[in-house]
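Engineer:
In UniProt numbering, the protein residues as written are 1 to 116.
Laid out in structure tokens, this is it:
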């Protein structure tokens, strides 16, 4: 069974490819940055990657802490915010294509019933 509702999966599997990941640095300060991501249906995770990804602060933060969150959202006119926030255990998966893999512990969504 998925950690996501049908409505959340529909939203995540649409055209949205930009999200914002939040990690915590070694000194305890938050780090938030835009990232490309994809839904991994086989593992029911959010996979985040990018260019030279294993050398990024976010990758090091996750390797150290094992935690991350991501928000995927947009705004429909005139002002209808909608999105999904995913928090959970995260792993920094090194290899030929390094990724941060977020295993959802908490999923929160808003405005997904809004239409353009």
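The beta-carbon is built from N, C-alpha and C at its ideal position, and this holds for glycine as well.
#1: Does DSSP put residue 61 in a helix, in a strand, or in coil?
#2: Can you give me the C-alpha to C-alpha distance between residue 11 and residue 93, rounded to a whole angstrom?
#3: Taking the C-alpha atoms as reference points, what is the distance between residue 19 and residue 70?
#4: Tell me, which residues are paired with residue 29 by DSSP?
#5: Compute the beta-carbon to beta-carbon distance between residue 68 and residue 22, rounded to the nearest angstrom, for a pair I have assumed lies under 8 Å.
#6: By Cβ distance, which residues of its chain are closer than 6 Å to residue 103, with the 5 residues on each side in sequence left out?
#7: Return the residue from the list 99, 83 and 91 that minimises the CA-CA distance to residue 108.
#8: If you check the beta carbons only, do residue 35 and residue 48 fall under 8 Å apart?
#9: Pull the bridge partners of residue 110 from the DSSP assignment, please.
#10: Taking all protein chains shown into account, do 16 or more other C-beta atoms lie within 10 angstroms of the C-beta of residue 57, making it buried, or fewer, making it exposed?
Structural biologist: Reading off the structure:
#1: helix
#2: 25 Å
#3: 6 Å
#4: Beta-bridge pairing links residue 29 to no other residue.
#5: 7 Å
#6: 45, 88 and 89
#7: 83
#8: yes
#9: 83
#10: exposed
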